[in-house]
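Chemist: Residue numbers (the numbering used here): 3 to 475.
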């Protein structure tokens, strides 16, 4: 909910505290980078010290960051508060998914429960912009962060009563060096990409990028030597697991980039209000929610392989529909795109989590859940930073060279109609390039899944389903 609100609130934030192009991207994606950097570590710590403690503590930290963000007077403080929210969010996701995996030992029930869990993300995506749109039409932009606080208060009050503590007896130690390497490597590499998009290439930017890549290579090599790695690379030997995690990464890359850029498109290019833009996103969000909940039933009918492959093609072809948008018309193409991609996103969100938790023993559920959630959160951050930076680069090259972003350009006093039209055309070109790349990646991964993921034995699958049903009864 918080992320989808922020996409729509960015024009208001840009006008109020005037962040630079680079700062605007950091406001959007610093949360995802902090979460993705710490998810694996916090999953391991939750296994050791108790997942319920992490849930309650993380919710409190998330609430504190939200309160600070609501009253941030400048971009720097807003970025810092978003980072604090990420610190809390990194404790919530793996612990929540691990507890669900521990509650339901029957594979079918666990799959359904995880589908419902994934649907709550879609429901938040649907409700967030509507609630946020209503708030932004009446209150300051900081109100979109205040909507987190009632949820946090209720959760902190009831979680200790309704949820039981879950921990493992032999989680192994957490490697502090790996935690630092993953966080530093991701931040340096992405900072280099963002800087290149906003300001162009430079010697300093290239050195920072190379150092980030080197640190990430060091991190990966270290995981192969540890008895208790933060990232268990052995799981990726299973092609089904590997494709599922790649699907989780890529689906969020596409979702985040398309959500952010299309939200800006509806408001700044077509001129719709925040609330209207939010309402236009509801059909796609409804399909996404239904797909998450119904994914387990679809898997029962067509198999996990077919559902996984279908998710890529729904996402890929759905994204292509955004290429039909123009500076004058595009609502129908936008709605059609969100509906078609919503099917793919819903399948992928459910299948990734289910695959991760089912692939490991119960005592390692937190770590496996962390890998799945890391792929999602990292994809969310990379979608905005990489594809968002690509769109920003196209705008900088094709735009009227008045300011670094579309909103800054349109807010420039005395801007001519021709320059405004040129800026909108440049932004639309950037959107088309970004979603085109995302579409190609989704379709390519779908082809890869066709080759990598082995065909299922329908007879064996059916027999397994009947046995499972009988056991449940």
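Cβ atoms here follow ideal geometry from the backbone N, Cα and C, with glycine treated the same way. Bear in mind the structure is a predicted one, so any value in this text is a computation, not a measurement.
Within the continuous alpha helix (DSSP H) that includes residue 220, where are the two ends?
Modeler: Indexing the chain shown from 1 puts residue 220 at position 218. That run of the alpha helix (DSSP H) goes 205-225.
Chemist: For residue 258, which three-state DSSP category applies?
Modeler: Reading the chain shown from its first residue, position 256 is the one you call residue 258. Residue 258 falls in the helix class under three-state DSSP.
Chemist: Compare the beta carbon distance of residue 411 and residue 425 with 8 Å and say whether it is the shorter of the two.
Modeler: On the chain shown, position 409 is the one that residue 411 refers to. On the chain shown, position 423 is the one that residue 425 refers to. Yes, Cβ-Cβ distance for residue 411 and residue 425 is below 8 Å.
Chemist: Within 10 angstroms of the Cβ of residue 331, are there 16 or more other Cβ atoms? Answer buried if so, exposed if not.
Modeler: Start at 1 with the first residue of the chain shown, and residue 331 comes out as number 329. Per the 10 Å Cβ criterion, exposed.
Chemist: Quick test of the definition: if touching needs 3 or more C-beta pairs under 8 Å, does the stretch 348-357 touch the stretch 289-297?
Modeler: A contact exists between the stretch 348-357 and the stretch 289-297.
Chemist: Just to confirm, does residue 98 get its C-beta within under 7 Å of one of the non-hydrogen atoms of the ligand GDP?
Modeler: What this structure holds is no ligand at all, so the ligand GDP is not there to describe.
Chemist: Does the distance from the CB of residue 109 to the CB of residue 19 come in under 8 Å?
Modeler: Working through the chain shown from its first residue, we reach residue 109 at position 107. Working through the chain shown from its first residue, we reach residue 19 at position 17. For residue 109 and residue 19, no; Cβs fall outside 8 Å.
Chemist: What residue range does the alpha helix (DSSP H) around residue 59 cover?
Modeler: Locating residue 59 in the chain shown gives position 57, counting from the first residue. Here the alpha helix (DSSP H) through residue 59 covers 53-72.
Chemist: Using 10 angstroms around the beta-carbon of residue 120, count the other beta-carbons present and answer buried if the total reaches 16, otherwise exposed.
Modeler: Translated into positions along the chain shown, residue 120 becomes position 118. Under this definition residue 120 is a buried residue.
Chemist: Can you say whether residue 416 is buried or exposed, counting buried as having 16 or more other CB atoms within 10 angstroms of its CB?
Modeler: Taking the first residue of the chain shown as 1, we reach residue 416 at position 414. Result: exposed.
Chemist: With distance defined between alpha-carbon atoms, name the residue in 453, 81 and 24 nearest to residue 241.
Modeler: For this step, residue 241 is matched to residue 239 along the chain shown. Here the closest residue by C-alpha is 453.
Chemist: Under the rule that 16 or more other beta-carbon atoms within 10 Å means buried, what is residue 167, buried or exposed?
Modeler: Indexing the chain shown from 1 puts residue 167 at position 165. Classification for residue 167: exposed.
Chemist: In whole angstroms, what is the alpha-carbon distance linking residue 440 and residue 25?
Modeler: Stepping through the chain shown from its first residue, residue 440 is reached at position 438. Stepping through the chain shown from its first residue, residue 25 is reached at position 23. Rounded to whole angstroms, residue 440 and residue 25 show a C-alpha spacing of 23 Å.
Chemist: To the nearest angstrom, report how far apart residue 352 and residue 99 are at their CA atoms.
Modeler: Walking along the chain shown from the start, residue 352 turns up at place 350. Walking along the chain shown from the start, residue 99 turns up at place 97. Taking the straight line from one Cα to the other gives about 11 Å.
Chemist: Can you list the alpha helix (DSSP H) stretches of 4 or more residues lying completely in the stretch 8-53, in chain order?
Modeler: 23-51
Chemist: Of the residues 356, 283, 444 and 192, which one's Cα is nearest the Cα of residue 312?
Modeler: Residue 312 sits at position 310 when you count from the first residue of the chain shown. It is 444 whose Cα lies nearest to the Cα of residue 312.
Chemist: Whether or not the stretch 262-276 and the stretch 392-411 are in contact is what I'm after, with contact meaning three or more pairs of Cβ atoms, one per stretch, closer than 8 Å; do they touch?
Modeler: The answer is yes - the stretch 262-276 touches the stretch 392-411, with three or more Cβ pairs under 8 Å.
Chemist: For a test of the three-state rule: what should DSSP assign to residue 4, helix, strand or coil?
Modeler: In the chain shown, residue 4 corresponds to position 2, counting from 1. It is helical.
Chemist: What is the rounded straight-line gap between the Cα of residue 47 and the Cα of residue 395?
Modeler: Here residue 47 refers to the residue found at position 45 when the chain shown is read from its first residue. Here residue 395 refers to the residue found at position 393 when the chain shown is read from its first residue. So the two alpha carbons sit approximately 40 Å from each other.
Chemist: I'd like to know if the stretch 185-199 and the stretch 227-236 are in contact, where contact means that at least 3 CB-CB pairs between them fall below 8 Å.
Modeler: Touching, no, given that fewer than three Cβ pairs across the two stretches are closer than 8 Å.
Chemist: Would you be able to state if there are at least three C-beta pairs under 8 Å between the stretch 85-94 and the stretch 55-67?
Modeler: yes
Chemist: Going by other Cβ atoms of all chains shown within 10 Å of its Cβ, with 16 needed for buried, is residue 457 buried or exposed?
Modeler: As a working mapping, residue 457 is identified with position 455 in the chain shown. Exposed, since its Cβ has fewer than 16 Cβ neighbours within 10 Å.
Chemist: For residue 273, count neighbouring Cβ atoms within 10 angstroms of its own Cβ and tell me buried if that reaches 16, exposed if not.
Modeler: In the chain shown, the residue the question calls residue 273 occupies position 271. Classification of residue 273: exposed, given that the 10 Å Cβ count is below 16.
Chemist: Report buried or exposed for residue 219, applying the criterion of at least 16 other Cβ atoms within 10 angstroms of its Cβ.
Modeler: Against the chain shown, residue 219 aligns to sequence position 217. Exposed: under 16 other Cβ atoms inside 10 Å.
Chemist: With H, G and I counted as helix, E and B as strand and the rest as coil, what does DSSP make of residue 313?
Modeler: Counted from its first residue, the chain shown places residue 313 at position 311. Residue 313 falls in the helix class under three-state DSSP.
Chemist: Using the three-state DSSP reduction, which class does residue 387 fall into: helix, strand or coil?
Modeler: Here the question's residue 387 lines up with position 385 in the chain shown. In the structure shown, residue 387 sits in a helix (DSSP, three-state: H, G or I).
Chemist: Can you list, in chain order, the residues of its chain whose CB lies under 7 Å from that of residue 143, leaving out five sequence neighbours each side?
Modeler: As a working mapping, residue 143 is identified with position 141 in the chain shown. Result list for residue 143: 11, 14, 15 and 18, in chain order.
Chemist: Output the distance between the C-alpha atoms of residue 7 and residue 208, rounded to the nearest integer angstrom.
Modeler: Counted from its first residue, the chain shown places residue 7 at position 5. Counted from its first residue, the chain shown places residue 208 at position 206. Cα to Cα, the separation comes out at about 33 Å.
Chemist: For the alpha helix (DSSP H) that contains residue 285, what are its first and last residues?
Modeler: Counted from its first residue, the chain shown places residue 285 at position 283. 284-304 is the span of the alpha helix (DSSP H), which, as asked, contains residue 285.
Chemist: Can the beta-carbon of residue 446 be found closer than 8 Å to that of residue 310?
Modeler: Counting from one through the chain shown, the residue named residue 446 turns up at place 444. Counting from one through the chain shown, the residue named residue 310 turns up at place 308. Not in contact: residue 446 and residue 310 (Cβ atoms no closer than 8 Å).
Chemist: Give every residue of the same chain whose Cβ lies closer than 6 Å to the Cβ of residue 431, excluding the five residues on either side of it in the sequence, and list them in chain order.
Modeler: As a working note, residue 431 is residue 429 in the chain shown. If we look at residue 431 and ignore the five residues flanking it on each side, its Cβ neighbours are 396 and 400.
Chemist: Less than 8 Å between the CB atoms is what I'm expecting for residue 195 and residue 388, so what's the real figure, rounded?
Modeler: Locating residue 195 in the chain shown gives position 193, counting from the first residue. Locating residue 388 in the chain shown gives position 386, counting from the first residue. Yes, residue 195 and residue 388 are in contact; Cβ-Cβ is about 6 Å, under 8 Å.
Chemist: Suppose the cutoff is 6 Å on Cβ atoms and the five residues either side in sequence are ignored; what does the same chain contact list for residue 145 look like?
Modeler: Translated into the one-based positions of the chain shown, residue 145 becomes position 143. Answer for residue 145: 137, listed in chain order.
Chemist: Using beta-carbon positions only, say whether residue 149 and residue 81 come within less than 8 Å of one another.
Modeler: As a position in the chain shown, residue 149 is number 147, starting the count at 1. As a position in the chain shown, residue 81 is number 79, starting the count at 1. Contact flag unset, no.
Chemist: Along the chain, where does the alpha helix (DSSP H) that runs through residue 453 open and close?
Modeler: In the chain shown, the residue the question calls residue 453 occupies position 451. Residue 453: member of the alpha helix (DSSP H) spanning 419-454, first to last residue.
Chemist: Return the CA-CA distance between residue 307 and residue 243, expressed in angstroms with no decimal places.
Modeler: For this step, residue 307 is matched to residue 305 along the chain shown. For this step, residue 243 is matched to residue 241 along the chain shown. Straight-line spacing of the CA atoms in residue 307 and residue 243 works out to 11 Å.
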